[in-house]
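Residue numbers (the numbering used here): 786 to 1028.
Beta carbons: idealized from backbone N, C-alpha and C, even for Gly.
First up is the structure itself, then whatever we jot down about it.
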Amino acid sequence: MTVKTPIYLDYAATCPVDPRVVDTMLPYFTQMYGNAASRTHAFGWTAEEAVERARGEIASTIGADSKEITWTSGATESNNLAIKGVVEYLAHGAEGRPQHVVTVATEHKAVLDTCKHLERDGVEVTYLPVGRDGLVRMDELAAAMREHTSLVSIMFANNETGVIQPIAEIGKLCRTRRGPVPHRRDPGVRQGADRRRRDVHRPREHVGPQDLRAQGRGRAVRAPSQAAGPARAADPRWRSRAG
């Protein structure tokens, strides 16, 4: 049997887009192509509604508030935003308190590079080893955590080895071993999830000193109307946007 095309074995790096995603996005590439940030015309309104509808759907799926969803260009940007954001936020409000981050030696390069950058800025980073099974040992994680630990950054599903870390246990450990931390609603110490849409389709978890994933407080987000067009000119938002 002659193989006419190569066999692709690199789904961990990128993979075909789900046909359902293609069908959903195609109209916004060919018909409704307005800039969601352009608020002075109906094309922009249509795109903005689609973006906010998607934000609400994602928030509802993970039990969060739509305001907690931030769009980025990809996993590397998400990792940088989460890790640097938490550390810098806490350092700014901690009156010079030293910052400490815990991660694992098998983390994604985007996380390891970010941690190396933080080390150059004086942040202390602990790189935990993993066992032969690729899993983090809970006793080693507990021993590594300190009163001034700002963040525990651990990949939920490793896109190279396929190892799935016990993220629920890790989150529980972070809650029980945390030291003095900011107020519960302090946005600087939230747990975040980086949905890597084109790798292994699993979330990456960045667990802070408080596990602040919104459990039980997620509420249904009403999807905006899909109707758009000239009729939107009567929308009172036109005056505020145009003004």
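Look at the beta carbons and you see the segment 884-904 touching the segment 938-956: at least three pairs across the two are nearer than 8 Å.
Buried is the label assigned to N864, since at least 16 other Cβ atoms lie within 10 Å of its Cβ.
Counted as a single uninterrupted DSSP element, the beta strand (DSSP E) harbouring E909 occupies residues 909-913. Between L958 and M923, the C-beta gap is smaller than 8 Å, which places the two residues in contact. In this structure, V921 lies near V889, with their beta-carbon atoms less than 8 Å apart. The continuous stretches of beta strand (DSSP E) do not include L920, and DSSP gives it neither H nor E. Within the segment 878-905, the runs of beta strand (DSSP E) that reach at least 3 residues and sit entirely inside it are, in chain order, 885-889. Nearest to I843 by alpha-carbon distance, out of E833, Y813, A835, I854, is I854. In the displayed model, T825 falls within coil according to three-state DSSP, outside both helix and strand. In the DSSP assignment, the residues bridged to I949 are A942. Measuring C-alpha to C-alpha distances from L926 to each of R960, F828, C800 identifies R960 as the nearest. DSSP links L936 through a beta bridge to V886. Taking 8 Å as the cut-off, the Cβ atoms of E909 and P883 count as close.
Sorting S851, R840, T891 by C-alpha distance to the C-alpha of Q950 places T891 at the top. Taking the Cα positions, I847 is about 26 Å away from A822.
With a threshold of 16 other beta carbon atoms within 10 Å, E834 meets it and is buried.
Cα atoms of T831 and Y912: separation of roughly 46 Å, rounded to the nearest angstrom.
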